[in-house]
Amino acid sequence: MKNIGIIGLGLIGGSLGLELREKGFRTFGVSQREKTRDRALERGIVDEISEGYSLLNQCDLIFICTPIEAIISTVQDLIPYLKPETIITDVGSVKGKIVPKLSELWSNFIGGHPMAGTTQSGVDSGFIGLFDNAPYVLTPTEQTPQKAIDLMTEIIKLLNSRLYFCSPEEHDQAVAWISHLPVMISGSLIQSCLKEKNLKVLELAKNLASSGFKDTSRVGGGNPELGLMMAKYNSQELLRSLLEYRENLDQIIEDINNENWTNLEQKLKQNQQARPNFL
Ligand code: NAP
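Sequential numbering from 36 applies to the sequence shown in my numbering.
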């Protein structure tokens, strides 16, 4: 049986704790906030929890589940307390700016990213089943020890996630398209709706919004911190995808303006065909 440490007991860390405890692992958490420590114990996310990192010296694997901006400094602070064989992994939504630095700090490191989320955050948001059938991508480098890859492979299988491997750079390019760009597009949709000047129409739109709006606004109406971090830490790839998106939008505007229904219909048909390949 392996001892698993978790730092950052929010949606992802909390869900990992609940899931891994259920699978028979012992889980150990760290939080600076007393309220989080109490709730994490009450909810059964962890077996033990403390304010300081020394509790984690008994762990075989530690998940860093803090917001992206705190990942590197957290590992720097954690290192003095660890036994050398402990494996560290992170769950950050970007990899290119994280993986090289953490690999340098701790050789037993492997980057990871579970592609699962909700609009909720914090210690009360985690739940069993979040990772079920969701993709979980690992981004090992040439230096990543095989035992880190093997252990994470085993855990990801237990989470019932679908495992993928790629480089940190390929990860950031791919998630720009299917995760970071959608957050910005979906956010722009909400922003655009809020621009409606006729208050009666705005109120009516709010009342009429149903499943379509629920689907298309979900990722844009989520944790603002996460969207900001995607933009800050994956700016190059996000900008590349946003510019392509803007070009597509301009083409649609042009088609409608010119009443070029054949063009528009062709695109809509292509979308209908292509979508299942992404899901
Ligand atoms: P979250 O629900 O806000 O949880 C993050 C937790 O980290 C908070 O509960 C907080 O717990 C702790 N924390 C905050 N600032 C910290 C700091 N400076 N140092 C140490 N701990 C800190 O966020 P999340 O959605 O789980 O995201 C966590 C990580 O998962 C991020 O790196 C994100 O990129 C990645 N991720 C998120 C999603 C998603 O859709 N949400 C999906 C995949 C990956 P305390 O109460 O202890 O402060």
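For each residue, glycine too, the CB sits at the ideal point set by N, CA and C. Remember, it's a predicted structure, so these values are computed and weren't measured experimentally.
Close-in-space but distant-in-sequence residues of the same chain around residue i (CB under 7 Å, 5 per side omitted)
| i | result |
| --- | --- |
| Leu186 | Leu96 and Ile122 |
| Lys130 | Gly146, His148, Thr174, Pro203, His206 and Asp207 |
| Pro102 | Glu260 and Met264 |
| Arg74 | Val158 and Asp159 |
| Thr109 | Ile42, Ile99 and Thr101 |
Through-space distance from residue j to residue i, alpha-carbon basis
| i | j | result |
| --- | --- | --- |
| Asp159 | Gly48 | 11 Å |
| Leu284 | Lys304 | 16 Å |
| Ser50 | Ser270 | 28 Å |
| Phe63 | Thr176 | 27 Å |
| Ala105 | Asp112 | 11 Å |
| Ser236 | Ala244 | First, the residue type needs correcting, since residue 236 is Val and not Ser in the sequence shown. Going from the Cα of Val236 to the Cα of Ala244 covers about 12 Å. |
| Leu90 | Arg72 | 13 Å |
| Ser223 | Glu231 | 13 Å |
| Glu77 | Leu234 | 45 Å |
| Ile287 | Leu299 | 7 Å |
| Lys182 | Glu282 | 45 Å |
| Ile213 | Pro170 | 12 Å |
| Val254 | Leu194 | 23 Å |
Residue i (DSSP reduced to helix, strand or coil)
| i | result |
| --- | --- |
| Gly131 | coil |
| Ile251 | It is worth fixing the name first, because residue 251 is Thr in this sequence and not Ile. Correct three-state label for Thr251: helix. |
| Leu165 | coil |
| Gly146 | strand |
| Gly64 | strand |
| Gly59 | coil |
| Gly40 | strand |
| Ser85 | strand |
| Arg275 | helix |
| Val110 | helix |
| Ile80 | coil |
| Asn188 | It should be noted that the sequence gives Thr, not Asn, for residue 188. Three-state DSSP puts Thr188 in a helix. |
| Asp285 | helix |
| Leu198 | strand |
Buried or exposed (CB count within 10 angstroms, at least 16 for buried), residue i
| i | result |
| --- | --- |
| Ile163 | exposed |
| Phe313 | exposed |
| Val81 | buried |
| Phe144 | buried |
| Asn168 | exposed |
| Ala309 | exposed |
| Asn293 | exposed |
| Leu229 | exposed |
| Leu278 | exposed |
| Leu274 | exposed |
| Phe200 | exposed |
| Gly161 | buried |
| Asn258 | buried |
Own chain residues within Cβ distance below 6 Å of residue i, not counting five before or after
| i | result |
| --- | --- |
| Ser142 | none |
| Ile107 | Lys136 |
| Gln93 | Asn38 |
| Gly262 | Val218 |
Chain-order list of residues whose beta-carbon lies under 8 Å from that of residue i (same chain, five-residue window excluded)
| i | result |
| --- | --- |
| Glu3 | The structure shown has nothing for residue 3, since the chain only spans 36 to 314. |
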